[in-house]
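Comments concern the structure below.
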Amino acid sequence: MVDIGITSYGTHIPRYRLSRKTISTAMGWLNQGTLPGEKAVANHDEDSLTMAVAAGMDCLERSEQMKIDSVYFASTTPPYQERESAAILAAALDIHTNIRTADFAGSLKAGTSAILSAYDCLKGEGARSILVCASDCRLGKPGSFQESLFGDGAVAFSFGTDGVIASLEGSYSVSYDFPDYRRSGGDKFVRTVEDRFIREEGYAKFVAEAISGLLRRYELEAKDFAKVAYPCLNVREHASIGKRLGFQPSQIQEPLLTAIGESGVASPMMLLAAMLEEAKPGDNILLTSYGNGADALFFKITDEIKKAKGKGSLKGCLASKKELTNYEQYLVFRGILPVETGFGGDVATTQLPLTWRERKEIIALCGSLCKRCGTPHYPPQRICVNPACGTVDEMEDYRFSDKRGTLFSYTADHITASIKPPLLYGMIDFQGGGRYVFELTDCEFDSLKIGMPIEMSLRRKYFDESRGIVGYFWKAIPIKE
Amino acid sequence: MPEGIKDKVAIIGMGCTKFGELWDKSAEDLMVDAFQEALEDAGIEKKDIQAAWQSNQFTEISTGHSALPLSTTLKLSFIPVTRVENLCASGTEALRAASYAVASGACDIALAVGVEKVKDLGLGGLPRANEDIVSLGTRGRVIFPSWLNPNPGMFAMMAVRYFDRYGLSIEEGKRTLAKISVKSHHNGTLNPKAHLRREITVEDVLKAPIIAWPLGLYDCCGVSDGAAAAIVARADIARNFRPDPVYIKALQIAADSGESLMYQGYDYTHVETTHHAAVKAYQEAGIKKPREDISMMEVHDCFSITELVIYEDLLISPRGKAKEDVDAGFFELSGKIPCQPDGGLKCFGHPTGASGLRMLYEMYKQLQGKAGPRQIKNPKLGLTHNLGGQPPLSVCSVCILGRKDWEK
């Protein structure tokens, strides 16, 4: 039988970390936090979709020219209630259009639902390669336990039958309409119920039920697994669930609570990536999600994992971070605290027919390449800009989003309104040709130098609140040396 | 090289309002003020004007589209009027249109009026592309980084490259730029029409808050309201109106084709359009040695770094050597080629539709010996340089005015 499973993976953890001490310093007067460590916080120009794109790019970079048939996006915090995120994701990744896209939403187990759907689709030969991105950016009310608990992040997996590094061997699911978390209407913050009720009546029971169900179904025992992973809503309960099921502490995947936080739909997927980074051929690993029940998934690591070794991205993401020392800045980044940015008036209307027509230029950062002289152009041109060429209509699409470049010049603009002033932007020279001006993000002014290497990242450029339009565009990020 | 319009067109009258934050004046008031001064200066009647052009960039926040605001405000009955716009270089476009009309023989006397009423916006800076007007279109707005006002940053990046290329530390570079602003501020104190009339010191410039690093407040021109007007006539009839008309020796425009912005050949330490417009203007005027022949200049000092590279692009200072000329006082009022004798954009601010004509107004007055305390001794040729856009994507006009007897 052909292996069906993970062929590649990628992660994105936003650059900023908020220490839980910083939260208690600001909000301790209301509610003394008890959680240790820090949480990952999306930059002001990031959301679940942009993080998914970053993870997706990371994943596809590792795979060899994969032909993606379907793109699934799993999140409880999609940018639009109506307008498919998976379609935006596929467009941003410049994946062709003859594909199936779907959003998985509404539950913290949406990521494992997407994986299981991908598996079924591959098994039924409905597709050959499927990209699953899970991402979340959930908000707890200031001062709440959830505020400390939740962190932001995204993970992407490609599933297929060629070059499988971890084959999906089986699963066991339970579903309950358990009233732990909810958002309805225009809720910005996750609404919840007594923590003890969630922990004892839901979390501990469903995770255990899914895992023991899986062990029973496949006649396995705890000791058959190199690692088991499940999200952590509570440090003590997390440990005791494993213990009750017969797992040794060394078998239980460290849940990243102190490094990232509980990253919603991305959380179990992040743990899966963490297990893959340490896995050896022949290992069995067990992943369980939690949310309105639980999905337990059982993977077997193949020899192909050796090829993926050394490319692990999660460790890199965890290591590359910047502490956000100011709690109020976190509130502003996440849109909780409205601030005066010094400009009046609303954002002008977005010309949607134009953004549709120029979608490859905008969302996929596609320019054009002169077939005659090889000059890349951004934005795309019909007539070659090379003064020695000038050829008309001999262009082909040329993607800049995955090209690296260098910072040719830069500035810190103190008068243009920005959530994180000064606004940084620079002239980018792409490797292989092409030049344009891009905003710089995920960096500090003092770190900028002429000639430094950069890579591109999709970000939120603006949000037209009055019309509900998110303007996405690409920015440049200095590459960590 | 076509024969051009050298000595075919003369300016016979000009007007210029005081520039500033003119809260009590409308765009229409400013047009009337500039026009009446020009008309009186030319000594003609309104009915003698046979065609008119209005330059105005941000019409959305002032007069509205078309040139009907000009014809209705000035009551120019049933003659052709047209609005022209070419970003911050719009003012010179109006003169170019009027001059070409006269040079072609289509009319004998034509009018150019430039106006901009920016301060009605109720915000600092120039109008913003995302909210006040959709001047860039969504495409420009979506893909350009600073979708509000990218100008300071786009010029600041030229300073970064320039300093790097010529081995100037940020401090050394800023000090050189500071001298340019100090010079213009001094000239502005001598001009009652200037917006800012205050001496500043190099230390003031260096201590000022940063606008777009490395440029600080005094490296940037102000934003103001204003209008200026020119009446041009066929050169062969110009002396019928006044004894001292000023002749257009050259008027050239160069626009980028995108190569500076999208192709990696551009060094970002100069403005390519300025160089091209200058070379063509010198050819049209028959100027072989600009450093020796040009008597004075009014250039587009939107930012101090712009003025520094203009010296080089106009072939006045050798590449990389403008600093030496700045240090030697070459461009000061008492120097070899005074630059910005009226105070420049630095002191006038920049009502974009009017600035080009304001520069011409100063050259015109200087050539007639009517510049008062700023009068330059016996100038023969005056150059104006009007730049629209940003260093990697710009449109530039260079106009050379002179007395009839130059070369003789």
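Chains A and B, in that order, give the protein sequences.
Under our numbering, read the first sequence as residues 1 to 481, first letter to last.
Under our numbering, read the second sequence as residues 1001 to 1408, first letter to last.
For each residue, glycine too, the CB sits at the ideal point set by N, CA and C.
Whole angstroms is fine: what's the gap from residue i's alpha carbon to residue j's?
i	j	result
G1043(B)	L1190(B)	27 Å
L1345(B)	G1389(B)	15 Å
A386(A)	P1392(B)	Residue 386(A) is actually Asn in this sequence, not Ala. Their Cα atoms are separated by approximately 15 Å.
I211(A)	L286(A)	8 Å
F1241(B)	K1321(B)	44 Å
S466(A)	R183(A)	22 Å
G1020(B)	S1062(B)	16 Å
S135(A)	L271(A)	13 Å
R1374(B)	D1342(B)	7 Å
V1134(B)	H12(A)	For V1134(B), the predicted model reports a pLDDT of 49, less than 50, meaning its position is unreliable; a value from the coordinates is still stated below. Cα to Cα, V1134(B) sits roughly 35 Å from H12(A).
A87(A)	I450(A)	36 Å
I477(A)	P1002(B)	49 Å
G242(A)	Q248(A)	7 Å
L60(A)	G10(A)	8 Å
K1380(B)	L1367(B)	7 Å
A1159(B)	R399(A)	30 Å
W474(A)	G405(A)	13 Å
K67(A)	S240(A)	43 Å
K1207(B)	V1271(B)	28 Å
P338(A)	S320(A)	28 Å
E169(A)	D162(A)	16 Å
Can you check whether the CB of residue j is closer than 8 Å to the CB of residue i?
i	j	result
A1051(B)	V1232(B)	no
P14(A)	A42(A)	yes
Y1247(B)	L1401(B)	yes
D1301(B)	T1273(B)	no
L1215(B)	R1096(B)	no
Q1264(B)	D224(A)	no
S368(A)	M395(A)	yes
A364(A)	D103(A)	no
D111(A)	V207(A)	The sequence as given places Gly at residue 111(A); Asp does not occur at that position. No.
Y1364(B)	I1049(B)	no
L1030(B)	G1226(B)	yes
L1196(B)	G1222(B)	yes
E361(A)	P376(A)	no
I1316(B)	P1338(B)	no
A1112(B)	L1357(B)	yes
K1008(B)	A1235(B)	yes
Using a Cβ-Cβ cutoff of less than 7 Å, which residues in the same chain neighbour residue i once the five nearest sequence positions on both sides are dropped?
i	result
G344(A)	Note that G344(A) scores 49 on pLDDT, short of 50, meaning its location in the model is unreliable; the coordinates nonetheless yield the value given after this. Result list for G344(A): empty, nothing under 7 Å.
Using the DSSP secondary-structure output, state which residues sit across from residue i in a beta bridge.
i	result
E1199(B)	Beta-bridge pairing links E1199(B) to no other residue.
G1173(B)	Answer is none; G1173(B) lacks a bridge partner.
L440(A)	A476(A)
L458(A)	W474(A)
A156(A)	G10(A), C133(A)
C1399(B)	L1251(B), T1384(B)
P376(A)	L369(A)
Near residue i, which residues of its chain fall below 6 Å by C-beta distance, leaving aside the five closest residues on each side in sequence?
i	result
A1328(B)	none
G1013(B)	A1038, D1041, A1042, I1231
A127(A)	D69, S70, C121
R524(A)	Because residue 524(A) is not part of the residues shown, which for chain A are 1 to 481, the question remains open.
V347(A)	Y462, D464
E209(A)	V174
S148(A)	R20, I23, G33, L35
Just to confirm my understanding: we take residue i, look at its own chain, exclude 5 residues before and 5 after, and list those with CB closer than 8 Å. What are they?
i	result
Q65(A)	Its pLDDT being 46, under 50, Q65(A) is placed unreliably in this model, and the value from its coordinates should be taken loosely. Taken in chain order, the list of residues that qualify is empty.
A105(A)	A74, S75, T76, P78
L445(A)	Correcting the residue type first, residue 445(A) is Phe in the shown sequence and not Leu. Cβ neighbours of F445(A) beyond the five flanking positions: A412, P422, L424.
F333(A)	Y16, V41, A42, N43, H44, L324, I419, K420
K1323(B)	Y1166, L1168, T1176, L1308
For the region 377-397 of chain A, which residues have a CB atom closer than 8 Å to at least one CB atom of chain B, in sequence order?
H377, Y378, P379, Q381, V385, N386, P387
Pull out every residue of the region 108-120 of chain A whose Cβ sits closer than 7 Å to any Cβ of chain B, in chain order.
none
What are the residues of the region 1353-1372 of chain B that lie near chain A, defined by any Cβ-Cβ distance shorter than 7 Å?
none
At a CB distance below 9 Å, what residues from the region 460-480 of chain A approach chain B? Give them in sequence order.
K461, Y462, G471, Y472, F473, W474, K475
Output, in sequence order along the chain, the residues in the region 401-414 of chain A whose CB is closer than 8 Å to any CB in chain B.
F408, S409, Y410, T411, A412, D413, H414
Name the residues in the region 432-445 of chain A whose C-beta lies less than 9 Å from a C-beta of chain B; which are they?
G433, G434, R435, Y436, V437, F438, E439, L440, F445
Note down, in chain order, all residues in the region 1194-1208 of chain B with a beta-carbon under 9 Å from any beta-carbon belonging to chain A.
none
Taking beta-carbon pairs under 8 Å, can you tell me which members of the region 1027-1061 of chain B lie near chain A?
none
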